[in-house]
Amino acid sequence: MSQDDDHQLRVSKIRDGTVIDHVTAGRALTVLAILDIDGSGDETVSVAMNVPSGETGRKDIVKVEGRELNQDEVDVLSLIAPEATINIVREYEVVEKSRVDRPEVVLGVLSCPNRNCISAGAEPIESRFSVLTDGVRCAYCETIIRAELAEHIDVG
Amino acid sequence: MRHDHVLSTKQFSRSEIEAVLDRAAEIDADPGSVADRHAGTLLGLLFFEPSTRTKMSFEAAIKRLGGEVVDIGPVGASSVEKGETLADTVRVVEGYADALVLRHPSEGAARMASEFVSVPVLNAGDGAGQHPTQTLLDLYTIRERVGLTDITIGIMGDLKYGRTVHSLAEALTRFDVSQHFISPESLSLPTNVRYDLHESGAQVREHTELDAVLPELDVLYVTRIQRERFPDENEYRAVAGEFGIDRNTLAAANEDLAVMHPLPRVDEVAPDLDSTPHARYFEQAHNGVPVRMALLDTLLS
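Sequence lines, in order, name chains A and B.
Numbered continuously in the numbering used here, the first sequence closes out at residue 204.
Numbered continuously in the numbering used here, the second sequence closes out at residue 299.
Below, the structure is given as structure tokens:
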């Protein structure tokens, strides 16, 4: 039995929707947080974590039924899951497969770790970060976040 | 100048900086020539932190251009204390003034304000972020004294939280200037400023003692080390003492060394230096008026 067959036993195929595969192991819940999927909507969501994977050792998989994620939504995932692939599924078939691209700007998803930043207060603004080669930078206070981006994901 | 706002020195090219300094020199030489140039102009002053020099020199600058100020006054007396956001405050005040001068304790405040208003916003200091108009008067003073070509400058003190340092260091990368940074390790340059200096191709030379570089310097820019940056009084006193200067400290200095300081000083520049030719900090403070006149004239014309 191949590893892919093994996955299918854990999480069944979906009819229509989006499969985010090759998510960095352990990051599936952060992926859902970034996509603002918290179970309160109508979508059926399946999550597999720490699944054995030939390519990277272990990986997470997220399947969202009945919703096709667009490129802008998924590109922000590149910050925490750069190897992720996005599969759009219709009638059980993958009709579109893409990788995540690094966006130039990330709006609203991250929160600035600088507590003295104007974006960290009560002002009516969304957080805004420009994406650097090896991190992101707050557009307001210019603080650079290089490591552990996932810790700054604003899941509020 | 193509900019609507003055938020950070990074926005300026060398030629744009030089144009402001040239204009400041013209105004300095003949202030009367611009006495009515901005008659009827109202400059809105929003200082959410105490300020003497910056606020007074902006006020003097617009008045010497024939304009006036409207001042939000002490923060405690304003609606800010009632919980109004800065975004709301600036949207109200833009209706009263032709440009806004903003000092605020949070980093990024001026940038955010600029996104909410259509009049020019001038950043007069945002937390530990930037202080670009101070930098322009610093550069003016340096240019007057030693020129801005092929010089070596030492920047000493609180490099981590010092907004005048961040703005100055970034602006100096536009010129042929060699920069040395002297501070305790705990107050060295923050990551974002290092990143910008690196991106500009500048070499960051850091020292924990002034002695190592003093004889090479044409300018020594001293900043205040603040007590609240240290967990206890003893540690503060030890460090502050080490990064202060007096006549003895400067015995090994180049005789033309210009000592600058954004002021206020506490005891990092001893009063015994005031009467030496090294002392340029009062002249530097005075230059705030013609430089801010030049900047306002450029932005408002």
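We treat Cβ as the ideally placed atom computed from N, Cα and C, and that holds for glycine.
In the DSSP assignment, find the unbroken beta strand (DSSP E) run with residue i in it and report its ends.
| i | result |
| --- | --- |
| T162 of chain B | Element bounds for T162 of chain B: not the beta strand (DSSP E) but the alpha helix (DSSP H), 161 to 170. |
| S214 of chain B | A small fix is needed here, since residue 214 of chain B is Glu in this sequence, not Ser. Looking at the DSSP string, E214 of chain B is not in any beta strand (DSSP E), and its letter there is neither H nor E. |
| D69 of chain A | 65 to 72 |
| V117 of chain B | V117 of chain B -> no beta strand (DSSP E), and no H or E assigned at all. |
| H196 of chain B | Premise fails: H196 of chain B lies in the alpha helix (DSSP H), 189 to 197, not in any beta strand (DSSP E). |
| V112 of chain A | 105 to 113 |
| V99 of chain B | 97 to 102 |
| A256 of chain B | 256 to 258 |
| D148 of chain B | 147 to 154 |
| V184 of chain A | 183 to 186 |
| N162 of chain A | Note, N162 of chain A: premise wrong, no beta strand (DSSP E); not H, not E. |
| G42 of chain B | 40 to 45 |
| V179 of chain A | 176 to 180 |
| L155 of chain A | 153 to 155 |
| V137 of chain A | 133 to 138 |
Under DSSP, the alpha helix (DSSP H) around residue i begins and ends at which residues?
| i | result |
| --- | --- |
| H276 of chain B | H276 of chain B -> no alpha helix (DSSP H), and no H or E assigned at all. |
| P130 of chain B | 130 to 143 |
| N246 of chain B | First-last for N246 of chain B: undefined, no H or E at that position. |
| P288 of chain B | 286 to 298 |
| V99 of chain A | From DSSP, V99 of chain A is part of no alpha helix (DSSP H) but of the beta strand (DSSP E) over 93 to 101. |
| E204 of chain B | First-last for E204 of chain B: 203 to 205, but that is the beta strand (DSSP E), not the alpha helix (DSSP H). |
| D20 of chain B | 12 to 27 |
| E144 of chain A | Taken as a continuous stretch (DSSP letters only), E144 of chain A belongs to no alpha helix (DSSP H), being part of the beta strand (DSSP E) at 141 to 147. |
| Q177 of chain B | Careful: Q177 of chain B lies outside any alpha helix (DSSP H), inside the beta strand (DSSP E) at 174 to 180. |
| A85 of chain B | 84 to 91 |
| T78 of chain A | 76 to 82 |
| V122 of chain A | 119 to 123 |
Do residue i and residue j have their C-beta atoms within less than 9 Å of each other?
| i | j | result |
| --- | --- | --- |
| I153 of chain B | D216 of chain B | no |
| I60 of chain B | T87 of chain B | no |
| S175 of chain A | L155 of chain A | yes |
| A23 of chain B | Y159 of chain B | no |
| R141 of chain B | A283 of chain B | no |
| I201 of chain A | S159 of chain A | yes |
| V148 of chain A | L125 of chain A | yes |
| L41 of chain B | V73 of chain B | no |
| F46 of chain B | V78 of chain B | yes |
| V191 of chain B | E168 of chain B | yes |
| C122 of chain A | K111 of chain A | The sequence given here has Val at residue 122 of chain A, not Cys. No, the pair does not count as a contact, with Cβ atoms beyond the cut-off. |
| H276 of chain B | L248 of chain B | yes |
| R150 of chain A | P130 of chain A | yes |
| H259 of chain B | V119 of chain B | no |
| G145 of chain B | E190 of chain A | no |
| A97 of chain B | T39 of chain B | yes |
| S55 of chain B | A168 of chain A | no |
| L43 of chain B | V99 of chain B | yes |
| N164 of chain A | A111 of chain B | no |
For my contact list, residue i and residue j are in at a C-beta cut-off of 8 Å; report their separation, rounded to the angstrom.
| i | j | result |
| --- | --- | --- |
| G114 of chain B | A95 of chain B | The sequence given here places Phe at residue 114 of chain B; Gly does not occur at that position. Going by Cβ atoms, the distance from F114 of chain B to A95 of chain B rounds to 14 Å, so no, they are not a contact pair. |
| L180 of chain A | I192 of chain A | 7 Å |
| I128 of chain A | T78 of chain A | 6 Å |
| G123 of chain B | R101 of chain B | 5 Å |
| G242 of chain B | D209 of chain B | At roughly 13 Å, the Cβ-Cβ gap does not stay under 8 Å, so G242 of chain B and D209 of chain B are not in contact. |
| T221 of chain B | V289 of chain B | Not confirmed; about 19 Å, so no contact. |
| Q224 of chain B | D156 of chain B | 6 Å |
| P213 of chain B | A250 of chain B | 5 Å |
| R35 of chain B | L63 of chain B | 5 Å |
| A132 of chain A | I68 of chain A | 6 Å |
| R278 of chain B | R143 of chain B | 6 Å |
| R245 of chain B | L261 of chain B | With 8 Å as the limit, R245 of chain B and L261 of chain B do not qualify as a contact, their Cβ atoms being about 19 Å apart. |
| I15 of chain B | A292 of chain B | About 11 Å separates the two Cβ atoms, so there is no contact after all. |
| E139 of chain A | D64 of chain A | 7 Å |
| A58 of chain B | V287 of chain B | 5 Å |
| E82 of chain B | S116 of chain B | Not confirmed; about 20 Å, so no contact. |
| L117 of chain A | L80 of chain A | Incorrect: roughly 12 Å between the Cβ atoms, too far for contact. |
Just to confirm, does residue i get its C-beta within under 8 Å of one of the non-hydrogen atoms of the ligand NAD?
| i | result |
| --- | --- |
| I243 of chain B | Absence of the ligand NAD from the depicted structure is noted, as is the absence of any ligand whatsoever, leaving it without description. |
message: Below 8 Å, how does it come out for the segment 5 to 12 of chain B and the segment 171 to 187 of chain B: are there three or more Cβ pairs, yes or no?
response: yes
query: How about the segment 13 to 20 of chain B and the segment 177 to 184 of chain B: do they share at least three Cβ pairs that are nearer than 8 Å?
result: no
- prompt: Touch check for the segment 250 to 259 of chain B and the segment 225 to 234 of chain B: three-plus C-beta pairs under 8 Å?
  reply: no
message: Under 8 Å: do the segment 190 to 209 of chain B and the segment 128 to 139 of chain B share three or more Cβ pairs, one atom per stretch?
response: no
task: Pick out the complete alpha helix (DSSP H) segments inside the segment 49 to 82 of chain B, 4 residues or longer, and give them in chain order.
output: 51 to 62
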